[in-house]
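In the working numbering, the protein residues as written are 3 to 99.
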């Protein structure tokens, strides 16, 4: 009986598509498109962007200063697939070491 319950619970978890992490590459900034693991391309409402990957500018002494640049083609990013697999959160830009 215990084995049957274990199998049923494992099947339920795998069918719900729990959260998973992936790597992506920005292929276009406008409109934003990210290729995931060289398998498919995400864009539009499938992407959830935190403020940390958005461009931030201020005007200082009459000059426009970039505090943080936005995503650009060639940037590698870490993605988290939300449960159900319909949306991906761009967690951050990755750096080469």
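The beta carbon of each residue, even a glycine, is placed where N, CA and C say it ideally should be. Since the structure is predicted, the reported quantities are computational estimates derived from the model, not experimental observations.
Asked                                                                                                                                             : Found
Buried or exposed: which applies to residue 77, given that a residue is buried once 16 or more other Cβ atoms fall within 10 Å of its Cβ?         : buried
For residue 96, count the other beta carbons within 10 Å of its own beta carbon; 16 or more makes it buried, fewer makes it exposed. Which is it? : exposed
Where residue 72 and residue 58 are concerned, what is the direct C-alpha to C-alpha distance, given to the nearest angstrom?                     : 8 Å
Which residue's Cα is closest to the Cα of residue 21: 6, 99 and 81?                                                                              : 81
Please state whether DSSP places residue 55 in a helix, a strand or coil.                                                                         : helix
Here's the rule I'm using: 16 or more other beta-carbon atoms within 10 Å means buried, otherwise exposed. How should residue 86 be labelled?     : exposed
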